[in-house]
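Heads up: the sequence shown begins at 1 in UniProt numbering, then just goes up one per residue. Read through the structure below, which is laid out as structure tokens, and then see the notes.
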Amino acid sequence: MPEATATATTASSTQPAASGRPPRRHPRNRGPARDPTAQDGTERPPRAQQPRRPPADPQAAGQVGEGDAKPNPNRRRRNNKKKPAASDAGSVNGQGESNAGSGTDGPRQQRSRKAQFGAKLTGSGNDAQSAGASSHAHAKYQAVTHPGATDLTNRLAQSLSTPPYPDCAICFNPLRPEQPTWSCSPSFEATACCWTSFHLKCLRAWALKSTKETREAFRARNDDSEGEWRCPGCQTKRHVVPQAYMCFCGAVNDPKPNRLSTPHSCGNPCSRKRLTCEHACPLPCHPGPCPPCVTTVQKPCFCNKTTLSFRCAHFATVPPPSMSCGSVCNKPLSCGKHRCEATCHAGNCEPCAELEYVQCYCGQTRKEVACGQGVSKSCVVGIGSDAVEWEGRFECDAICARPFLCGVHSCKRTCHPPSPLPIPCPMDPSIVTHCPCGKTILGRTRTKCTDPIPTCDSTCAKPLATCNHACSSPCHLGTCPPCNIPIAVPCRCGETTRYIACSERQRDLQDGVDVLCDKVCKTLRLCGRHECTRVCCPAHNLRPKGAKGKKKAQAAMDDALEGMEVAWHTCEFLCGKLLTCGLHQCEEPDHRGPCPPCLRSSFDEMMCKCGRTIIQPPIPCGTKIVCTYPCSEPPPPCGHPKTPHACHETGSCPPCPFLTAKACACGKATVPNIRCSQEKVSCGKACGKPMNCGYHLCERVCHGDECGECHAVCGKPRKHCLPARHPCTMPCHAPAACDESEPCQERVWASCECGRIQQPVLCGRSASSTAAGRDSQKLDCSQDCAIAKRNARLAEALGISPARTADKTAVTYSPELLQFAKANVKFLALVEKTFADFVASDKKSQVLPEMHESRRTFVISLAAIYRMDTALVDVEPHQSVQLVRRIDTRVPHPLLSQLAGPPPPPTPSRLVDMRASQKAAPAPLHRAGTPSSSSAKPGGAWASVVAATPSPAAPSPSTSTSRLTALPRSNSSSSVPRRSPAPPTTSWEDDV
């Protein structure tokens with residue numbers, strides 16, 4: 001129904017109507033009002049009796065206060081001629097008065113056209129007119145006020161009714177009247193709210209996404225809780241996802257309000273329940289909170305003497321209004337004798353503060369207590385005129401001590417109300433008729449109460465109060481002793497059993513003490529990593545024996561542990577593993593399986609380095625921002641274009657990939673095709689710079705740092721090792737002279753006098769060696785030497801030449817072998833060394849590495865000269881040759897390498913003569929005892945000496961004139977230090 005509280009109508013008929021709603025009619029075309037009753041229930045006066053509203057302030061044009069007169073929007077205009085839409089906007093002037101009854105429409109139309117075209121004249125009168133026109137032009141954006149509404153309610157209704165409409169906090173688009181919305185209001189699951197409105201479509205998508213994510217997070221922590229979502233405005237937790245378009249009060253689904261009602265409302269009275277009272281809201285369906293309840297409520301005061309009247313809303317304030325009437329309470333106190341003298345108050349009255357003297361039940365003690373304290377009991381001693389009566393209020397600690405009827409014994413009980421007459425003695429023979437155990441009748445053995453009570457020879461057998469056993473003591477007077485029957489009690493883990501007295505066990509149960517053994521539990525805890533290590537653990541034997549497999553056994557054990565009250569196998573150590581965020585550690589007890597996700601969050605915005613990608617809070621811990629925009633860093637300083645790549649939060653930009661030419665680290669060459677970002681460039685050659693010693697050169701590969709200390713072998717020729725002049729094997733000690741106090745460790749050939757017998761021995765020469773020591777290296781001739789001398793003399797006498805005999809046994813090589821050997825000298829040396837090692841070993845066969853066909857042909861031909869059988873192994877391209885030993889396998893003479901020519905000259909030494917201008921000539925190896933020129937210059941000058949590599953074959957006895965011959969060194973054949981030899985070639989396919 002149309003609202004009776006509506007005020008001045010706006011000229012909004014020119015705006016398009018909402019979808020599904022009828023177009024608006026101009027107020028002048030509406031009929032008379034059909035509802036003469038206002039919202040508050042009072043009848044409105046007739047139109048003729050309504051007071052005419054005085055002109056309002058131009059600044060408050062279009063707004064009507066709560067006490068102002070309300071113009072009738074249904075008032076019919078005198079001139080029914082239809083006006084254009086532009087003139088309708090000026091139907092209300094700047095003072096809020098209607099011009100419909102003026103009789104002329106010209107001035108009104110002229111003012112509206114001036115306001116439309118912005119016409120303006122100079123002068124004070126024109127200023128006032130333009131101000132009125134401006135107020136008139138914006139009259140359609142003025143809100144419809146709700147009488148009695150709070151400020152928040154008024155603002156929300158105004159913002160939803162007039163453009164510009166408020167924005168949805170999710171999509172930032174305006175909330176138009178024709179769009180379904182949802183308002184954050186109190187509900188059965190959330191009492192806190194922010195009254196913010198959102199698009200229903202946006203909020204449903206927001207809630208569904210949040211509910212799904214929280215449900216998955218709960219399941220990851222083994223929690224079956226349902227998902228929840230938060231209001232984007234107030235972050236209030238909710239579980240129910242909105243599905244229907246409801247009005248503000250929640251009474252109508254898909255509301256269609258009338259023209260005068262607030263958009264998204266049902267137009268009916270608000271049916272929202274108040275949280276503070278049961279009274280209904282007097283406003284129509286509205287956004288925001290309901291106004292405070294103004295209903296008058298009457299309630300009695302605290303003392304129920306006076307009835308007080310308050311507004312219902314006053315009871316919702318903090319603190320609530322006082323319900324005291326101000327008079328004296330006068331309620332009876334708990335003692336029943338006095339009344340409360342305090343002012344009307346809430347709650348129970350205070351206890352009575354009066355004091356009084358009272359007597360105990362036995363009548364022996366009196367004390368002062370508060371009025372009404374204690375339990376009143378009537379106590380009487382005696383009958384008739386001798387009776388003594390008093391009121392007992394408490395129980396003292398004294399013994400009653402009143403005599404029994406016998407006059408000998410007295411009551412042993414504590415303070416209690418006495419009986420009027422003495423009671424019979426409990427030891428009287430008429431009362432005690434059996435022995436203490438009750439099995440034997442006493443008869444006439446006792447005549448008075450002072451006679452002792454005899455006991456029998458039977459067992460007491462009375463049931464004990466602390467256990468189910470019977471007393472095992474003989475018949476006795478008084479209470480039974482503690483139970484001493486031993487019982488079997490298993491320990492806590494059940495592995496051992498102990499026998500303990502029943503009374504001791506009952507005492508342990510009362511104190512909560514368990515029987516423990518000394519066995520330590522070795523079972524793994526629930527974490528699966530740590531042992532239990534508890535003494536006498538109850539969960540020690542929970543592991544089922546029939547379960548096969550670790551998983552099944554552990555699952556059965558977990559089920560058994562769930563039924564125990566105490567979590568015995570729960571791990572007490574913290575997990576400490578790094579969480580998925582990579583920043584924090586797991587703080588839960590050690591557990592199986594993956595750790596839960598990190599629950600820490602940041603409530604600060606996360607922005608990338610370029611500032612174009614922003615993640616809004618809350619941000620889960622460990623979130624890394626990913627920006628898809630290009631990197632905003634400047635290009636590299638080398639001048640090349642920057643490599644296109646995405647924006648990155650950490651790290652530097654990718655290195656420059658362009659190729660350029662750079663100088664190597666040692667500065668000897670310029671290396672082309674090097675990446676521009678590469679810092680260390682090496683030419684691959686040896687450094688070659690002089691070391692600090694001044695004698696050796698740096699053998700490191702091209703480098704840019706210091707060469708460092710010299711750690712090479714000295715290599716200078718020893719002065720006492722003549723004529724071979726063996727090199728010094730000590731570490732570099734330049735410029736100091738070589739210390740030759742230690743014997744030389746080089747090996748030389750020692751021979752007998754005839755030269756037939758040769759044997760390698762240590763050189764042994766030093767600064768302290770003598771000529772006698774050197775002569776001791778000579779070998780003695782054997783009997784075979786004498787036979788050889790005799791044969792030589794016979795051959796000489798008979799004219800037989802030993803050289804021709806040796807030539808007949810020499811091996812002849814084919815021209816093809818000689819040609820291949822001369823072209824592949826290094827490969828030939830490798831083959832001959834392999835064949836010599838095979839002949840010297842005990843192997844029956846040996847498979848050579850794979851090689852090309854030409855090399856296989858050469859190896860097979862040369863193996864035939866060594867008298868070895870060959871066979872091909874495997875197929876191409878991995879085919880190789882297998883050597884098979886024969887009985888007559890031997891090393892031929894001469895070797896093919898001797899006929900093919902000398903090997904290529906060795907690599908010259910990198911040792912530099914820092915004092916001599918020219919290098920010394922190479923010193924050949926000399927026989928011991930033959931004169932040779934020294935390679936060292938007079939005066940002890942530093943010189944570089946390179947010796948030629950001697951033939952591996954032993955010298956012939958016929959040409960030997962010395963008894964000592966220098967042996968070839970394994971690492972160098974020269975008498976001076978050289979570079980370390982390269983490792984032996986392992987692949988026969990390399991160009992050796």
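Note that CB positions come from ideal geometry on N, CA and C, so glycine has one too. Small disclaimer: the values here were computed from a predicted structure and weren't measured.
At a Cβ-Cβ threshold of 8 Å, C744 and R725 do not count as neighbours. In the assembly as shown, A750 is a buried residue. Its beta-carbon has 16 or more other beta-carbons within 10 Å. Comparing alpha-carbon positions, the option among K716, A488 and C781 lying closest to R756 turns out to be C781. Taking K577 as the centre and dropping the five residues before and after it, the same chain places the C-beta of Q585, C586 and C595 closer than 8 Å to its C-beta, in chain order.
Sorting L883, G704 and C456 by C-alpha distance to the C-alpha of S861 places L883 at the top. A direct Cα-Cα distance of roughly 13 Å separates S410 from L421. For V884, the pairing in a beta bridge is given by DSSP as S845 and D869. Spanning the alpha carbons of E649 and R176 requires a straight line of approximately 41 Å. The beta-carbon distance between E495 and C517, rounded to whole angstroms, is 6 Å. This is short enough to meet the 8 Å contact definition.
For K662, the closest C-alpha among the options H345, V381, P232 and S677 is that of S677. Taken through DSSP and simplified to helix, strand or coil, P630 comes out as strand. By the Cβ criterion, the region 269-279 is not in contact with the region 225-241, since fewer than three pairs of Cβ atoms, one from each stretch, lie closer than 8 Å.
Taking a cut-off of 8 Å on C-beta distances, the region 480-492 touches the region 505-517, as three or more cross pairs fall below it.
Measuring C-alpha to C-alpha distances from T523 to each of C371, K609, C571 and D514 identifies C571 as the nearest. Closest by C-alpha distance to F658, out of I453, P672, C647 and A665, is P672. In the three-state scheme derived from DSSP, where H, G and I count as helix and E and B as strand, R272 is classed as coil. In the DSSP annotation of this structure, T660 is not part of any alpha helix (DSSP H); the continuous beta strand (DSSP E) holding it starts and ends at L659 to A663.
Per DSSP, the continuous beta strand (DSSP E) segment holding A488 begins and ends at P486 to P490. For the 8 Å CB-CB criterion, C702 and K689 do not form a contact.
In the structure shown, I625 adopts coil according to DSSP, grouped into three states. Each residue's CA atom was taken as its position, placing L355 and V369 some 6 Å apart.
Of all alpha-carbon atoms in K680, P474, I383 and A470, the one lying nearest the alpha-carbon of C456 is that of P474. Around the beta carbon of S183, 16 or more other beta carbons lie within 10 angstroms, which makes this residue buried. R204 sits in a helix when the DSSP states are folded into three classes. Annotation for I787: no beta strand (DSSP E) segment contains it, though the alpha helix (DSSP H) segment containing it runs Q783 to L798.
By DSSP's assignment, I399 forms a beta bridge with T414. Note: S601 is bridge-paired with P620 in the DSSP secondary-structure output. Secondary structure of F315 (DSSP, three-state): helix.
Closest in alpha carbon position to I399, among C435, C360 and E391, is C360.
Just measuring C-alpha positions, the residue of P760, C537 and F573 sitting nearest P589 is F573. Note: F248 is not bridge-paired with any residue in the DSSP secondary-structure output. Here the alpha carbons of F198 and P257 stand approximately 18 Å from one another.
Judged by DSSP secondary structure, T497 falls within the beta strand (DSSP E) whose first and last residues are T497 to A501. R886 sits away from S845, with the two beta carbons spaced by 8 Å or more.
For N154, the enclosing alpha helix (DSSP H) starts and ends at D151 to S161. By the Cβ rule, the region 830-840 counts as touching the region 855-870, because three or more pairs are nearer than 8 Å.
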